[in-house]
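Going by the numbering used here, the residue at position 36 of the sequence shown is 47; the numbering climbs one at a time, nothing skipped. Note that the Cβ used here is the ideal one computed from N, Cα and C, for glycine as well. To keep things clear, I will list the structure first and then write my remarks on it.
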Amino acid sequence: MFGYYPILSRFFVFLFLPFALLLGLAYKGFISQPLPVLDGTVTVSGIVNSVEVTRNKSGVPTIIGRDSNDIYFAMGYLHAQDRLWQLEVQRRFAQGRLSEVFGRQAIAQDIWIRSLGLVDAAKQAKQHLSPAALDSLQAYSRGINQFIQGTSDLPIEFNLLSIEPEPWTIIDSLTWIKVFALNLSGNYRTEIQRFVSATRFTPQELQQLFPQIYQTEISNALSQQDLISEKLAGVFQLAEVFERDLQIGGKYVGSNAWVVSGKLTESGKPILANDPHLGLQIPSLWYAVVQKGDDLDVSGMSLVGLPLVIFGANRDISWGGTNMMADVQDLYVERVNPDNPNQYWADGRWMEFVKSEQRLQVKAAFPAQIRAPLMPIEITTRKTIHGPVISDTLTSLDGPVSMRWTALDNDDTSYDAFLQLNKAHDWHSFNQALSLLVAPALNVLYMDKQDNIGLVGAGRIPRRKKHSGEFVIAGSDPDSQWQGYLSAQEMPRYLNPPAGYIINANNDNTAAGYPHFISSQFAPGYRAQRIEQLLQQQLGSGQKITSDYTQQMQLDVQDLSVQPLLQQLLKMYREVSKTDAQSNKSQALKRLADWQGDASVESVGATLFYGWQRHIRHRLFSDELSANWNRQSFDSYLEGVKSAVESEQIAKLLAQQSEWCDVVGSLMVEDCFYVVDVALDDSLRELEKLRGSNIDNWRWGKVQQTLYKHTPFSQTKVLRDWFEQRIDNGGSPHTVNVAASSYQQDHGYVQVFGAGFRQIIQIGADKRQHWINLSTGQSGQVGSQHYQDKIGSFQQGLFEPIDLPVKHRLILQAVDAKGDNR
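Shown next as structure tokens:
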């Protein structure tokens with residue numbers, strides 16, 4: 012038959028059979044494959060006393076046991092039940108082993124992660140943890156592995172990719188803390204941006220692009236302009252891949268958090284609100300839980316991969332956190348010995364690179380089963396006294412670049428900090444716990460049942476001698492070395508301020524006159540200002556703060572950042588009025604004149620402004636940037652430079668009739684009105700193509716969508732619609748309800764960064780109340796009803812108590828005493 016019908020036979024072999032196989036596996040995974048057991052009794056090995064696990068209608072578990080380590084065992088068991096594929100991806104990412112599953116596309120990421128040495132750093136950190144910390148991590152690992160050993164029904168991702176889960180270890184958990192810190196520590200990218208830009212622009216131009224940096228730092232960078240700017244741009248682009256494909260890092264990665272004293276609340280009890288902002292994914296990075304034992308009573312959000320509540324409440328205190336935006340990374344250009352490439356200059360002498368030879372396994376392209384296996388890739392990673400060499404992923408140029416980063420310190424006790432935080436009972440023990448935090452650097456907000464409120468800056472902040480960490484620096488300079496760290500007593504700290512509330516939204520956490528350098532990369536204060544504005548509005552009207560009002564605050568989409576640029580644009584059109592009253596341009600300007608910065612899903616003004624702003628950035632900067640680089644390999648780097656310029660700075664440039672407005676290569680001398688007028692035309696044409704000519708259809712929620720990406724099946728067309736989820740959404744990077752998006756041709760604005768959950772806690776002497784708003788769902792199993800059941804309610808801001816009535820009850824029955832195989 013195949014001989015007579017060659018085209019039909021090829022279709023059958025190469026299209027029909029793989030598709031049929033895929034459908035069969037999908038059926039097995041989605042329909043016939045049992046989901047984890049939620050009711051009854053399961054006999055397990057590895058706990059001392061039996062543990063009860065109840066789940067409410069949203070799948071949120073309450074773990075009840077006597078011993079803390081039995082509870083942490085159950086936590087591992089539940090994470091494996093609901094998030095086993097997520098655990099596998101996290102482990103492989105942190106170890107630099109994604110290529111074993113995803114093939115060639117992950118090679119560069121794997122090499123870069125291996126060059127950081129996260130696993131080695133975790134092994135060193137393990138040696139400095141307390142016995143209680145090690146016991147809790149071992150119990151958690153036993154719980155994960157007990158589930159793996161006891162099930163034959165793996166999540167469908169394992170079946171589709173033909174792999175088996177590996178046993179979980181203490182090192183896997185500790186390595187994931189390093190990845191969490193990496194997610195919140197992106198200043199190395201900013202150093203690259205500034206350094207590479209400094210080699211291409213004048214100091215005056217650079218000051219306009221990055222107004223927060225110091226002129227002396229610009230001069231220092233320009234003195235090194237012959238160094239490896241192209242290589243650094245390549246490292247930056249790799250970080251962009253992490254952000255785009257793996258949701259690691261991003262601009263203003265952080266959170267909102269505020270705490271209000273009971274003196275200002277209707278109940279007389281303090282209220283804490285928190286909503287961490289990270290890259291969005293499905294399932295979420297977070298997992299809601301209640302843990303109850305003889306010495307443990309805590310509720311809140313855990314990070315998958317760790318047994319503890321990271322942000323939440325216990326019997327006595329509540330806490331939430333935001334990224335401090337601290338500068339905890341420095342990049343060093345190393346001077347290599349011209350006579351011996353195995354040596355670099357530091358501390359006044361030639362020193363040997365510390366090398367490690369590693370082998371990278373790479374999966375063959377689909378269908379891997381019928382292809383010859385690929386030869387392993389042999390890689391060499393290098394370290395200096397400053398830290399790992401992170402530039403060896405890109406071998407086009409000489410000049411190694413190493414990175415000093417607090418999270419790579421050998422004596423990292425961050426896990427102990429989180430463990431002790433779960434059991435802290437007052438301001439003193441809260442501060443003691445946080446004194447152990449190394450990375451990430453956090454602002455941790457506090458309240459207790461005695462109505463004390465506070466904030467502690469926690470984590471290691473470097474002391475620098477001659478530089479402020481703004482640019483890449485010379486590793487051979489003895490003055491470039493860190494001079495230790497700020498002590499816990501020197502960190503920002505506030506207790507019961509006169510205002511009766513404390514707010515942080517990644518903005519500057521220091522008071523006037525604070526003597527130490529923490530960062531030049533604090534988020535603009537717009538979100539914090541809006542939170543305070545909302546509190547003052549309520550209190551100014553004679554009303555007290557309630558949990559319901561706090562929920563409304565977390566959903567607020569008023570953007571305070573838009574006014575300087577918006578008013579400047581409208582002023583320019585009043586001065587040069589040349590628009591047809593019936594044209595879309597005239598309608599757009601009228602809408603914008605009436606718009607007050609509301610970025611709701613129904614807002615047309617938001618659509619007009621954010622699109623116009625994006626095109627103004629492009630028209631202002633693209634010609635100069637392209638003229639300086641003119642290489643496609645720099646595209647994502649150039650986009651990063653443009654997006655780094657805040658709208659307030661753009662407004663200043665337009666008001667000053669900046670030279671940026673003149674088009675490079677044009678025979679004319681263009682003014683700034685030309686730039687904004689052409690940018691408006693560009694934006695309107697784009698919207699007409701995307702949503703039609705009726706301006707009423709240009710609502711922000713129809714132009715911007717939130718995307719919850721799945722790893723890896725968001726990259727596979729035939730599986731994408733089953734695994735990833737999208738929903739219309741409002742918001743902007745500077746609204747309390749954060750939505751950071753980028754424009755995709757023919758799709759509109761796609762939000763891949765925002766809040767992963769919201770929680771509100773009210774605590775008093777008699778009881779605590781804890782409300783949560785989950786972003787996707789508790790389960791990572793695509794066939795579960797809790798895989799995506801919270802997406803709509805999250806968009807609407809529908810909170811529910813974390814301790815809803817019981818729907819399922821599972822007993823983990825102990826059969827023997829725990830083993831110990833650390």
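A straight line joining the alpha-carbon of VAL747 with that of GLN548 spans about 15 Å. In the DSSP assignment, LEU46 falls outside any alpha helix (DSSP H), carrying neither H nor E. In this structure, the straight-line span from the alpha carbon of GLY290 to that of ILE155 is close to 25 Å.
Per the coordinates, the alpha-carbon of ILE514 lies some 6 Å from the alpha-carbon of ALA268. Per DSSP, the beta-bridge partners of VAL309 are GLN302. Look at ILE75 here: in three-state DSSP terms it is strand.
At a Cβ-Cβ threshold of 7 Å, VAL344 and GLY410 count as neighbours. Close CB contacts of ARG769 within its chain, under the 6 Å cut and outside five residues either way in sequence, are with ASP286, GLN565 and ASN784 (chain order).
About 4 Å separates the beta carbons of PRO318 and TYR151, which is inside the 8 Å limit, making them a contact pair. When C-alpha distances from GLN540 are compared across ALA516, GLY553 and THR557, the shortest belongs to ALA516. Annotation: the continuous beta strand (DSSP E) that includes PHE768 extends over 768 to 774. The beta carbons of LEU701 and GLY759 sit closer together than 7 Å. In the structure shown, GLN780 falls within a strand segment according to DSSP collapsed to helix, strand and coil. If only uninterrupted alpha helix (DSSP H) runs of at least 4 residues are considered, those enclosed by the segment 589 to 636 are 595 to 605. Exposed is the label assigned to ARG474, since fewer than 16 other Cβ atoms lie within 10 Å of its Cβ. If you draw a 10 Å sphere on the C-beta of SER614, you find 16 or more other C-beta atoms in it, and that means buried. Sequence-distant Cβ neighbours of TYR199 in its own chain, meaning closer than 7 Å and more than five residues away, are GLN340, LEU342 and MET414. The alpha carbon of TYR798 has as its nearest neighbour, out of ARG820, LYS582 and SER295, the alpha carbon of SER295. If you keep only unbroken beta strand (DSSP E) runs of at least 3 residues inside the segment 109 to 144, you get nothing at all.
Secondary structure at PRO287: strand, using DSSP grouped into helix, strand and coil.
The segment 802 to 810 makes contact with the segment 735 to 745, as at least three CB pairs between them are under 8 Å. Going by beta carbons, SER126 and ASP427 fall outside the 7 Å limit. Here DSSP, grouped into helix, strand and coil, assigns PHE528 to coil.
In the DSSP assignment, MET335 falls outside any beta strand (DSSP E), carrying neither H nor E. Under DSSP, PRO812 shares a beta bridge with TRP782. As DSSP reads the structure, PRO473 sits in a beta bridge with TYR496. Using a Cβ-Cβ distance cut-off of 8 Å, the segment 295 to 310 and the segment 323 to 335 are in contact, since at least three pairs of beta carbons, one from each stretch, lie closer than that value.
Per DSSP, reduced to three states, the secondary structure at ASP93 is helical. Here the segment 359 to 375 lies against the segment 388 to 401, with 3 or more beta-carbon pairs under 8 Å apart.
Residue pairing from DSSP leaves PRO575 without any beta-bridge partner. With a 10 Å radius around the Cβ and a threshold of 16 neighbouring Cβ atoms, LYS189 comes out buried.
When only Cα atoms are considered, ILE529 and GLN120 end up about 29 Å apart. A contact between stretches requires three or more CB pairs, one per stretch, nearer than 8 Å, and the segment 663 to 680 fails this requirement with the segment 592 to 611. Closest option to ALA132, judged by alpha-carbon separation, among SER56, GLN106, GLN157 and ARG820: GLN106.
As the crow flies, the alpha-carbon of TYR512 is around 4 Å from that of VAL271. Less than 7 Å separates the beta-carbon of GLY791 from that of ARG94.
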